[in-house]
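Using our numbering, the letters of the sequence shown correspond one by one to residues 24 to 242.
We treat Cβ as the ideally placed atom computed from N, Cα and C, and that holds for glycine.
Small disclaimer: the values here were computed from a predicted structure and weren't measured.
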Amino acid sequence: MNRIKQISNLIEKCQCVYDVGSDHALLAINILRDKKAKQVVNIEKNWLPHNAGKTNLAKNHLTTKTLNVLNDGLVDITKKVFIQPNYIVIAGMGANNIVNILEKKDPKINRNAIYLLEPNCDVDVLRRYLAKAKYDVVYENVCLDRTKFYQIICAKQGTKIRKISTYEAYFGLSEKQIDKKIWMLYLKACKQKIEKKKLYKFSHAYAVLYDWLKKRVKK
Ligand SMILES: C[S@@+](CC[C@H](N)C(=O)[O-])C[C@H]1O[C@@H](n2cnc3c(N)ncnc32)[C@H](O)[C@@H]1O
Numbered sequence: 024m025n026r027i028k029q030i031s032n033l034i035e036k037c038q039c040v041y042d043v044g045s046d047h048a049l050l051a052i053n054i055l056r057d058k059k060a061k062q063v064v065n066i067e068k069n070w071l072p073h074n075a076g077k078t079n080l081a082k083n084h085l086t087t088k089t090l091n092v093l094n095d096g097l098v099d100i101t102k103k104v105f106i107q108p109n110y111i112v113i114a115g116m117g118a119n120n121i122v123n124i125l126e127k128k129d130p131k132i133n134r135n136a137i138y139l140l141e142p143n144c145d146v147d148v149l150r151r152y153l154a155k156a157k158y159d160v161v162y163e164n165v166c167l168d169r170t171k172f173y174q175i176i177c178a179k180q181g182t183k184i185r186k187i188s189t190y191e192a193y194f195g196l197s198e199k200q201i202d203k204k205i206w207m208l209y210l211k212a213c214k215q216k217i218e219k220k221k222l223y224k225f226s227h228a229y230a231v232l233y234d235w236l237k238k239r240v241k242k
């Protein structure tokens, strides 16, 4: 199933979703068509995708259900947008960029907002940041779009710093995974990649991950 559709499926009926890095507004179109939210706030820092998103929304007659804001992530967002989010999606960009957006977010954003985070690389960097910055991971979902796997992390602001292991940083926790079948396929693909490239020889982290994977994935 399409990655954007799978992110939209994780959203429960609500008032408002913020999509940071909304690009062509495909997520907003999915969410609004599925009647998951009354309003979507699309946040873009670049003119081109901002305009492309607005054009797409107009074509789909969804302009009145969206706000399209040019902004650097969530910096001072409450000065421009007066509706608070139930969900904040930050997807399809590197983990370092997601961390940067979270780090600089407006402190006046609703503390109960649910974050759906889908990095396209360096997922370990994001999980380590979430643990250090006192976010709790509520659930996780590995999704498969054609031949590519994506990890989606659902997090909420918590109160305590958490310690996480190397394998948790890379894969999350099995008990938090929604789709156990796809998760096992993902672990199998990761194990095969480490074996094929003999990555366990090159770094301690890969050796730890490989040991962990061998215990969980059968041949
Ligand atoms: C590769 S696209 C991903 C689009 C979509 N979220 C997805 O999952 O397919 C990344 C988008 O994020 C935007 N972006 C990157 N950093 C941003 C930031 N700090 N604030 C707002 N938008 C940002 C880029 O302009 C680009 O349109």
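Helix, strand or coil at residue i according to DSSP, with G and I counted as helix
i	result
C213	helix
D159	strand
D129	coil
I66	strand
L33	coil
V146	helix
N91	strand
N123	helix
V40	strand
A178	strand
I54	helix
N164	strand
Nearest candidate by alpha-carbon position, reference residue i, set the options
i	options	result
G44	H84, L55 and V92	V92
Q174	P142, L208 and V40	P142
L97	I54, K68 and K88	K68
Y158	T101, E126, L49 and A114	E126
K238	K204, Y190 and A156	Y190
H113	I66, N133, A81 and L85	Note that residue 113 is Ile in the sequence shown, not His. It is I66 whose Cα lies nearest to the Cα of I113.
Contacting residues, own chain, Cβ-Cβ under 8 Å from residue i (five flanking each side not counted)
i	result
K58	K36
I137	N109, Y110, I111, V161, C177, A178 and K179
L149	A118, I121, V122, L140, P142 and I176
W70	L93
Residues near residue i in its chain [Cβ-Cβ closer than 7 Å; skip 5 each side]
i	result
H47	P72, A75, G76 and N79
N53	I27, K28 and S31
Y209	V165 and F172
D147	A192 and Y193
S188	none
CB contact check: residue i to chain D, cutoff 7 Å
i	result
K199	No chain D is present in this structure, which holds just one protein chain.
Cβ-based neighbour list, residue i, same chain, cut-off 6 Å, excluding 5 preceding and 5 following
i	result
Q62	C39 and K88
K214	L236 and V240
Y233	I217 and Y223
V64	Y41, L90 and V104
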